[in-house]
Every structure is written in structure tokens, then in C-alpha cells.
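Residue numbers (full-length UniProt numbering): 1 to 371.
From the three backbone atoms N, C-alpha and C, an ideal C-beta is built for every residue, glycine too.
Input: a single structure, listed below in C-alpha cells.
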């Protein structure tokens with residue numbers, strides 16, 4: 001291993017090489033998104049890169065829980081059976097429910113990653129949620145090589161879809177005749193009703209999105225406070241407009257009745273939020289703005305993947321998404337295998353049979369689980 005040096009900053013956009021390491025990583029690991037999240041939340045974060053011979057070979061974000069993060073980022077709530085402290089240092093971001101290990105492709109990078117973590121947490125208990133199994137197992141191997149134990153727990157699933165050249169191309173790749181028939185019917189009904197989707201610039205339409213976002217928040221039992229939502233969307237327009245794309249759904253009267261807000265990463269289009277005017281929906285609007293139109297846009301721009309995020313599992317898989325099990329790695333606590341499998345079974349209960357079996361098989365295989 002060459003001589004390593006660690007650089008720190010309060011803003012990841014000021015650190016060299018961050019996004020080069022993240023070229024194939026989640027959009028939610030990119031410097032622009034992380035910097036925006038800190039502005040929006042006022043969180044106390046620290047960003048580190050480790051360099052060897054003037055090359056950045058590892059990058060890391062550190063966040064200290066101060067009540068400003070959601071329950072999914074509090075280990076005592078998200079994975080209670082792991083017995084982690086709610087004050088454990090959070091690694092890897094706190095908005096987006098997806099994280100990535102940012103590292104160079106070189107044989108000696110494991111030691112650089114563990115050193116970066118050690119420098120960031122300063123002997124504190126830590127946890128790193130929302131990782132793919134590939135990244136989670138890399139972390140475990142890296143620490144095991146130094147004789148250090150870590151814990152692994154299944155935390156949930158998210159969704160992505162491979163972009164195709166057209167809607168019809170996407171449909172032909174759906175795994176069953178029934179799903180193909182349903183998708184075509186859903187798409188054709190929306191078109192027959194005169195529903196149109198326009199591509200809009202976030203900076204020019206953000207204020208009109210707020211009431212529709214409030215409609216979704218209210219439907220799912222969240223607080224639809226307009227001032228809070230207006231600030232959230234306005235800040236995204238101010239900080240991320242140049243990488244944003246809004247898919248706006250209009251009815252025959254030109255009324256905006258639905259939208260999705262997506263962000264362009266190096267290799268993925270990330271669906272961030274949706275909003276709807278439920279009093280004026282007629283059918284098919286969700287799938288148009290949240291899945292089908294983003295897929296076509298991604299294909300047009302050479303983007304390989306559309307990341308759909310967490311929740312609405314059945315609706316997403318029936319329209320072509322692929323489930324990705326997500327994991328948490330931690331320095332302390334327990335690998336609560338039985339609880340992880342129980343969590344997977346709870347999610348699988350709401351999935352079609354094919355995807356339910358695949359999820360359970362992936363989780364049990366990853367844990368080497370035997371009942």
C-alpha cells in the first residue's frame with residue numbers, strides 16, 4: 001500500500017475525485033445530492049477522501065444523528081434486533097434509502113476503506129445502511145482481513161428497471177403474459193383519455209408541484225404542511241435544477257394532475273418524488289410519470305437504469321422492476337439472522353409469487369440461514 005493521506009471537508013463537492021469513484025454508484029452517493037441534503041436538513045456531516053499518490057481511492061460521508069433523520073436511519077428503530085445504539089454514527093448518506101461504497105478498483109483498496117471509516121468515526125459505534133449485498137460483503141471482508149468483526153442485517157428492498165428503447169420494448173421483457181397485457185391496457189387507457197406527459201424544467205414549475213406532493217403526503221398519513229413541502233421542492237430547484245427532470249401529467253383541460261421528479265446520475269435516472277391531484281385522476285397516470293416515461297427518457301439519453309426506490313413493492317414489480325435486497329453493516333451489535341429472514345418474509349408476503357421466492361432465496365443465501 002502506498003502512503004495514504006486523508007482529506008476532510010464539510011462539503012463533498014470540494015473534495016477531489018468524489019464523483020469519479022461514484023461513476024457507477026447510486027445517485028444518492030453523488031456529491032451534489034449529499035451537499036443539497038445538508039443544506040435542506042441543516043445536518044452536521046463530514047466528508048472524507050483517502051488518497052494515494054494524488055489519486056482518490058476511497059470516499060466516505062459521516063453523519064451524526066441529532067434527531068433530524070427519519071426512522072429508517074435510526075438503527076434502534078430500523079433494525080431493533082441488532083441491538084445497536086440510536087446514537088451510532090451514520091455512514092453513507094441519510095436521504096434516498098440507497099448508499100454505495102465509493103472505492104477505486106485496485107487490489108489494495110480494502111485497507112484504504114477501513115482507514116477512512118476509522119478516521120471518520122473516531123472509535124465510535126457506527127452503522128452503514130441501505131447497501132447492496134455486494135457492497136456489504138466487501139465491507140465485512142475488509143474488516144475481517146484486519147481481524148475485526150462486523151454485523152450484517154437485512155434492512156429492506158428497493159427497485160430499479162433497466163431502460164429500454166420504447167414502452168413496447170419494456171413490455172416485451174415483462175416475465176408473464178398477464179403483466180404484458182395489463183401494462184398495455186394501462187398505457188392505452190391513459191392515452192385514450194387524452195392524458196399527456198410533458199417534460200418540464202424544475203426551476204420553472206416547482207411551485208405548481210407542491211399541492212400535488214401534498215396530496216400524496218396526505219393520502220399516506222404524513223403531514224402535508226405546504227410551507228415545509230414548498231421549502232423542500234424550492235431548495236431542490238435552487239441546487240439541483242440542471243440535473244433534474246420533471247415528468248408532468250396533464251389532463252385534456254391542460255390541468256397538471258400528476259408528476260414525477262427524477263435526477264440524472266452517471267448511469268442511472270433516480271425517481272425522487274411523485275405527486276398527484278387525486279380528485280382529477282382518471283387512470284394510468286402513476287405508471288406513466290413514475291415508470292414508463294422515465295424509462296423512455298433514460299433510453300434516449302443513454303442511461304442504463306431507472307432507480308425507483310423503496311415502497312409500493314407490488315405495484316413496481318408488476319410493472320417490471322427488479323427487487324434489490326438492502327443491507328446494513330455495523331461495527332457493533334448483532335447479526336440477527338432470524339430477524340432478517342422474518343423481515344424478508346414480511347415483505348415477501350406482499351409480493352407476487354415469483355418475486356417473493358427470489359427475495360427469500362437471496363436473503364437466506366446471503367445469511368447462510370438454516371431454520
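Contact under 8 angstroms by Cβ, residue 119 with residue 48: Reading the chain shown from its first residue, position 119 is the one you call residue 119. Reading the chain shown from its first residue, position 48 is the one you call residue 48. A contact, by the Cβ cut-off of 8 angstroms.
Sequence-distant residues of its chain with Cβ nearer than 7 angstroms to residue 135 (five each side left out): Along the chain shown, one-based indexing puts residue 135 at 135. Cβ neighbours of residue 135 within its own chain (closer than 7 angstroms, five residues either side excluded): 100, 101.
C-beta atoms of residue 40 and residue 266 nearer than 8 angstroms: For the purposes of this step, residue 40 is taken as residue 40 along the chain shown, with counting starting at 1. For the purposes of this step, residue 266 is taken as residue 266 along the chain shown, with counting starting at 1. Judged by their CB atoms, residue 40 and residue 266 are not nearer to each other than the 8 angstroms cut-off.
Opposing strand residues paired with residue 258 [DSSP bridges]: Locating residue 258 in the chain shown gives position 258, where the first residue counts as 1. Partner residues in the beta bridge of residue 258, as assigned by DSSP, are 249, 276.
Pairwise C-alpha distance: residue 37 and residue 288: Along the chain shown, one-based indexing puts residue 288 at 288. Along the chain shown, one-based indexing puts residue 37 at 37. Each residue's Cα considered, the two are about 28 angstroms apart.
Helix, strand or coil at residue 223 [DSSP, three-state]: Here the question's residue 223 lines up with position 223 in the chain shown. Collapsing the DSSP output to three states places residue 223 in coil.
Among 282, 336, 358, nearest to residue 79 - alpha-carbon criterion: Here the question's residue 79 lines up with position 79 in the chain shown. Per the Cα distances, 336.
Sufficient close CB pairs (3 or more, under 8 angstroms) joining the segment 328-342 to the segment 160-169: The segment 328-342 is not in contact with the segment 160-169.
Spatial distance of residue 251 from residue 257 (CA atoms): In the chain shown, the residue the question calls residue 251 occupies position 251. In the chain shown, the residue the question calls residue 257 occupies position 257. When rounded, the distance between both Cα atoms is 7 angstroms.
Range of the contiguous alpha helix (DSSP H) that encloses residue 314: Taking the chain shown and counting its residues from 1, the one referred to as residue 314 is at position 314. 313-318 is the span of the alpha helix (DSSP H), which, as asked, contains residue 314.
Per-residue DSSP class, three states only, for residue 158: Looking up residue 158 in the chain shown gives position 158. It is a strand residue.
Nearest to residue 207 (by Cα), restricted to the options 131, 361, 228: Here the question's residue 207 lines up with position 207 in the chain shown. Out of 131, 361, 228, the CA that lies nearest to the CA of residue 207 is found in 228.
Close-in-space but distant-in-sequence residues of the same chain around residue 71 (CB under 7 angstroms, 5 per side omitted): Position 71 of the chain shown, counted from the first residue, corresponds to residue 71. Its chain contains 77, 78 as the residues whose beta carbon lies nearer than 7 angstroms to that of residue 71, once the 5 sequence neighbours on both sides are disregarded; these appear in chain order.
Straight-line Cα distance separating residue 295 from residue 241: Residue numbering aside, residue 241 sits at position 241 when the chain shown is read from its first letter. Residue numbering aside, residue 295 sits at position 295 when the chain shown is read from its first letter. Taking the straight line joining both Cα atoms gives about 20 angstroms.
Length-filtered (4 minimum) alpha helix (DSSP H) runs lying within the segment 30-89: Taking only runs of at least 4 residues, the alpha helix (DSSP H) segments lying wholly in the segment 30-89 are 31-41, 75-78.
Cβ-based burial, residue 172 [other Cβ within 10 Å; buried from 16]: Residue mapping note: residue 172 aligns to position 172 of the chain shown, counting from 1. Sixteen is the threshold: since fewer than 16 other Cβ atoms of the shown chains lie within 10 Å of the Cβ of residue 172, the residue is exposed.
Backbone secondary structure at residue 153 - three-state DSSP: For the purposes of this step, residue 153 is identified with residue 153 of the chain shown, where counting begins at 1. Looking at residue 153 - three-state DSSP - the assignment turns out to be strand.
Neighbourhood of residue 237 by C-beta distance below 8 angstroms, restricted to the same chain and skipping five residues each side: Here residue 237 corresponds to residue number 237 of the chain shown, with the count starting at 1. Apart from the 5 residues on each side of it in sequence, residue 237 sits with its Cβ closer than 8 angstroms to the Cβ of 202, 203, 206, 244 in its chain, given in chain order.
Among 13, 259, 142, the one whose alpha carbon lies nearest that of residue 199: The residue labelled residue 199 in the question sits at position 199 within the chain shown. 259 is the residue among 13, 259, 142 whose C-alpha sits nearest the C-alpha of residue 199.
Contact between the segment 350-358 and the segment 309-321 (3+ Cβ pairs under 8 angstroms): By the C-beta criterion, the segment 350-358 is judged to be in contact with the segment 309-321, since at least 3 inter-stretch pairs fall below 8 angstroms.
Run of the alpha helix (DSSP H) containing residue 345, from where it starts to where it stops: Position 345 of the chain shown, counted from the start, is the residue given in the question as residue 345. 337-348 is the extent of the alpha helix (DSSP H) around residue 345.
Residue 220 burial status per 10 Å Cβ neighbour count (16 or more: buried): Here the question's residue 220 lines up with position 220 in the chain shown. Classification of residue 220: exposed, given that the 10 Å Cβ count is below 16.
Pair within 8 angstroms by beta-carbon distance, residue 157 and residue 359: As a working note, residue 157 is residue 157 in the chain shown. As a working note, residue 359 is residue 359 in the chain shown. Yes, they are a contact pair.
Minimum C-alpha distance to residue 321 - residue among 339, 292, 142: The sequence position of residue 321 within the chain shown is 321, counting from 1. Cα-wise, what sits closest to residue 321 is 292.
Collapsed DSSP secondary structure at residue 307 in the structure displayed: One-based indexing of the chain shown puts residue 307 at position 307. Shown here, residue 307 sits in a strand according to DSSP, grouped into three states.
The beta strand (DSSP E) enclosing residue 329, as first and last residue numbers: What you label residue 329 is simply residue 329 of the chain shown in a count that begins at 1. Residue 329 -> beta strand (DSSP E) spans 322-330.
Element boundaries [beta strand (DSSP E), containing residue 130]: Here residue 130 refers to the residue found at position 130 when the chain shown is read from its first residue. It spans 126-131 - the beta strand (DSSP E) in which residue 130 sits, taken as one unbroken run.
Residues sharing a beta bridge with residue 8, DSSP: Looking up residue 8 in the chain shown gives position 8. Bridge partners of residue 8 according to DSSP: 48.
Residue 355 vs residue 317 beta-carbon contact at 8 angstroms: As a working note, residue 355 is residue 355 in the chain shown. As a working note, residue 317 is residue 317 in the chain shown. Closer than 8 angstroms, so yes.
Residue closest to residue 261, alpha-carbon to alpha-carbon, out of 254, 253, 273, 130: For this step, residue 261 is matched to residue 261 along the chain shown. If we check each option's Cα against that of residue 261, 273 comes out closest.
Own chain residues within Cβ distance below 6 angstroms of residue 209, not counting five before or after: Here residue 209 refers to the residue found at position 209 when the chain shown is read from its first residue. Counting only residues of its own chain and dropping the five nearest sequence neighbours on each side, residue 209 has a CB closer than 6 angstroms to the CB of 233, 259, 275.
Bridge-paired residues (DSSP) for residue 268: One-based indexing of the chain shown puts residue 268 at position 268. Beta-bridge analysis with DSSP links residue 268 to 305.
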